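By my numbering, the letter at position 246 of the sequence shown is numbered 257, and the numbering carries on one by one without gaps. Structure record follows, encoded as structure tokens.
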Amino acid sequence: MAGLVYLITGGCGFLGNHLVRLLIEKEDKLAEVRVFDKHVDSTLNALSTERTKVVVIQGDITDYSSVLEASRGADVVIHTASIVDVWHKIPENRIALVNVTGTENVINACVECGIESLVYTSSMEVIGPNVNGDHFVRGNEDTPYKVEHTMAYPKSKAKAEKIVLEANGTKIKGGKTLYTCSLRPTGIYGEGHQLIKAFYDKGAERGGMIIGGIPESSEHGRVYAGNVAWMHVLAAQALVERPMTVGGEAFFCYDDSPYKSYEDFNMLFLSKFNFRLVRMPLLVLWFLALLNDLLRWIVSPLYNYTPLLNSYTFAVASTSFTVSQIKPSDSSSTGLCTTGNNVWPTHRNGLIHSLWITTRTPNVNSTTSTCTM
Numbered sequence: 012m013a014g015l016v017y018l019i020t021g022g023c024g025f026l027g028n029h030l031v032r033l034l035i036e037k038e039d040k041l042a043e044v045r046v047f048d049k050h051v052d053s054t055l056n057a058l059s060t061e062r063t064k065v066v067v068i069q070g071d072i073t074d075y076s077s078v079l080e081a082s083r084g085a086d087v088v089i090h091t092a093s094i095v096d097v098w099h100k101i102p103e104n105r106i107a108l109v110n111v112t113g114t115e116n117v118i119n120a121c122v123e124c125g126i127e128s129l130v131y132t133s134s135m136e137v138i139g140p141n142v143n144g145d146h147f148v149r150g151n152e153d154t155p156y157k158v159e160h161t162m163a164y165p166k167s168k169a170k171a172e173k174i175v176l177e178a179n180g181t182k183i184k185g186g187k188t189l190y191t192c193s194l195r196p197t198g199i200y201g202e203g204h205q206l207i208k209a210f211y212d213k214g215a216e217r218g219g220m221i222i223g224g225i226p227e228s229s230e231h232g233r234v235y236a237g238n239v240a241w242m243h244v245l246a247a248q249a250l251v252e253r254p255m256t257v258g259g260e261a262f263f264c265y266d267d268s269p270y271k272s273y274e275d276f277n278m279l280f281l282s283k284f285n286f287r288l289v290r291m292p293l294l295v296l297w298f299l300a301l302l303n304d305l306l307r308w309i310v311s312p313l314y315n316y317t318p319l320l321n322s323y324t325f326a327v328a329s330t331s332f333t334v335s336q337i338k339p340s341d342s343s344s345t346g347l348c349t350t351g352n353n354v355w356p357t358h359r360n361g362l363i364h365s366l367w368i369t370t371r372t373p374n375v376n377s378t379t380s381t382c383t384m
């Protein structure tokens, strides 16, 4: 029996990179993995083994012809390609083009090429936190929640997820059926995470000081990128082996990482570089978020002002959003959220090590001893 061919869109990105490496390691039936991305990392070609061929393909997810060509002969598609922007850095129409139209292109290519299995990388933000500050504590996929989107990114992800799940059961070329599922990671962290590096750089500029103010009671679920990648591998295997069980379903992705506020979670890493968290009153932080929104609007004709803190990121960070268990239905038997026992310490040290070897700390006293694996 011939091995499976996987196509991973966005495979050179943060999550995609973890996914490619884990897929090669864990998928015994893998014959070829195609890494499709606009900005390619040609070093991934070197991951080829005697058993598995790695092919890096440069292409644009918004160009249907290139998506179609990359899809020919594939058995499984894992669609991670997406624009993530909650800072107004990228025009809304561009976000919609990549996240929604790009997803439509992937589905159409699956139909045309007779590909039966499609896993979509969604986000917890298709559900929340919402801008009203309604907490979602130890919830699951069936927990009632008022979904209300104001930013282009969560809007686009919600629309794309809806399209993917509605495509489940679509008849495809060759008389077969397309089966789809969607994975909703909570806040992802791990090696190669640019946002935690941005916080690191800001702290280094301030001599090791991190400015915050989010209450410790505002808990957020965070999940290690390697575990999210593993959940994608499990989801793909489930779609291939028992499609009627998971087809058309959405699942939250989480692991054993501790529930903490965004700031306190980040400090679990940054404190190892002798960074310190300086808290300001929550009301002051809220005012600064509104001020940043106002400044962005005033200078927008001349300059694209995109600070990390705005009213949306403030609302998200200050609103609890945690997941307690996998979908309480027959689909729970897939074990999509199984990650092993107490894996958190290893991933924590791995990210600390990653930050240490990829950054310079001229104003911060950091030593190799804090980065021991």
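Ideal Cβ placement from N, Cα and C applies to all residues, glycine included. These numbers come from a predicted model, not from an experiment.
Figure out for me which residue from the options has the closest Cα to the Cα of residue i.
i: LEU294; options: LEU302, LEU288 and ARG287; result: LEU302
i: PRO292; options: THR317, GLY223 and LEU305; result: GLY223
i: HIS243; options: CYS192, LEU279, ILE221 and ILE106; result: CYS192
i: VAL289; options: SER335, GLY214 and GLY259; result: GLY214
i: GLU227; options: THR317, TYR270 and ASP153; result: TYR270
i: GLU123; options: GLY21, THR181 and PRO312; result: THR181
i: SER82; options: ASN116, ASP96 and ILE221; result: ASN116
i: THR188; options: GLY259, TYR17 and ARG105; result: GLY259
i: GLU103; options: VAL158, ASP39, VAL31 and ALA163; result: ALA163
i: VAL97; options: LEU206, ALA261, VAL158 and LYS173; result: LEU206
i: GLY21; options: THR73, HIS99, GLU38 and ALA261; result: THR73
i: THR154; options: HIS99, HIS204 and PHE262; result: PHE262
i: LEU18; options: ILE118, ALA169 and TRP297; result: ILE118
i: LYS469; options: ILE309, ILE221, ALA13 and THR112; result: With the chain running from 12 to 384 in the structure shown, residue 469 is simply not present.
i: SER311; options: ARG105, ASP39 and HIS99; result: HIS99
Using a Cβ-Cβ cut-off of 8 Å (strictly less than) and excluding sequence neighbours within five positions of residue i, which residues of its own chain qualify?
i: ILE35; result: LEU41, VAL44, LEU58, THR60, THR63 and VAL65
i: ALA328; result: ILE225, SER229, HIS231, SER272, TYR273 and GLU274
i: THR161; result: VAL142 and TYR323
i: THR345; result: In this prediction, THR345 scores a pLDDT of 39, lower than 50, which makes its location untrustworthy; the coordinate-derived value is nonetheless stated afterwards. Same-chain partners within the cutoff: LEU245, ALA246, ALA249, ARG253, THR256 and VAL257.
i: CYS23; result: VAL46, ASP48, HIS50, VAL51, ASP52, LEU55 and VAL67
i: THR369; result: Because THR369 carries a pLDDT of 40, less than 50, the predicted location of this residue cannot be relied on, and the following value inherits that uncertainty. Once the five neighbours on either side are set aside, the close Cβ partners of THR369 are LYS208.
Comparing the CB of residue i with every heavy atom of the ligand NAP, is any distance shorter than 7 Å?
i: ILE225; result: The ligand NAP is absent from the structure shown, which contains no ligand whatsoever.
Go through its chain and collect everything with a Cβ distance to residue i's Cβ below 6 Å, but skip five positions before and after it.
i: PHE147; result: GLY139, TYR156 and PHE332
i: LYS49; result: ASP71
i: ALA300; result: LEU320, ASN321, SER322 and PHE325
i: LEU279; result: none
i: GLN69; result: VAL51
i: THR37; result: Note that residue 37 is Lys in the sequence shown here, rather than Thr. The residues are VAL244.
i: LEU296; result: GLY224
i: ILE309; result: none
i: PRO318; result: ASN303
Between the beta-carbon of residue i and the beta-carbon of residue j, is there less than 8 Å?
i: GLU216; j: SER272; result: no
i: VAL67; j: SER53; result: yes
i: THR114; j: VAL175; result: yes
i: ASP86; j: LEU15; result: yes
i: LEU79; j: ALA107; result: no
i: GLY144; j: HIS29; result: no
i: ASN110; j: ALA178; result: no
i: VAL251; j: SER128; result: yes
i: ILE210; j: ASN277; result: In the sequence under discussion, the amino acid at residue 210 is Phe, which differs from the Ile named in the question. In contact: PHE210 and ASN277 (Cβ atoms closer than 8 Å).
i: TYR316; j: LEU305; result: no
i: VAL234; j: ASP266; result: yes
For residue i and residue j, which I take to be in contact (beta-carbon distance under 8 Å), what is that distance rounded to the nearest angstrom?
i: ASP130; j: PRO165; result: In the sequence as displayed, the identity of residue 130 is Val instead of Asp. That pair is no contact at about 20 Å.
i: ILE126; j: ILE89; result: The pair is not a contact, with the Cβ atoms about 11 Å apart (cut-off 8 Å).
i: ARG195; j: SER134; result: 6 Å
i: CYS264; j: THR197; result: 7 Å
Terminal residues of the continuous beta strand (DSSP E) containing residue i?
i: PRO196; result: 190-196
i: GLY150; result: 147-150
i: ARG45; result: 41-48
i: HIS90; result: 87-90
i: LYS64; result: 64-69
i: PHE210; result: Taken as a continuous stretch (DSSP letters only), PHE210 belongs to no beta strand (DSSP E), being part of the alpha helix (DSSP H) at 205-216.
i: ILE94; result: No beta strand (DSSP E) contains ILE94, which DSSP labels as neither H nor E.
Grab me the residues of residue i's own chain with a C-beta within less than 7 Å of its C-beta, minus the 5 sequence neighbours each way, in chain order.
i: LEU26; result: THR91, THR132, ILE199, ALA236, VAL239 and ALA240
i: ILE101; result: ILE94
i: SER282; result: none
i: SER335; result: ARG149, GLY150 and ASN151
i: TYR190; result: GLU127, SER128, ASN179, LEU250, PRO254 and GLY258
i: GLY84; result: VAL16
i: GLY185; result: GLY125
i: VAL158; result: ILE138, GLY139 and ASN141
Locate the alpha helix (DSSP H) running through residue i, then write down its first and last residues.
i: HIS11; result: Any answer about residue 11 is impossible in this case: the structure gives the chain only from 12 up to 384.
i: ILE106; result: 103-107
i: ARG307; result: 293-310
i: PHE280; result: 273-281
i: SER53; result: SER53 -> no alpha helix (DSSP H), and no H or E assigned at all.
i: PHE325; result: 322-328
i: VAL334; result: Where VAL334 is concerned, there is no enclosing alpha helix (DSSP H), although the beta strand (DSSP E) it sits in stretches over 332-334.
i: ILE19; result: ILE19 -> not in any alpha helix (DSSP H); beta strand (DSSP E) instead, spanning 15-20.
i: ILE118; result: 113-124
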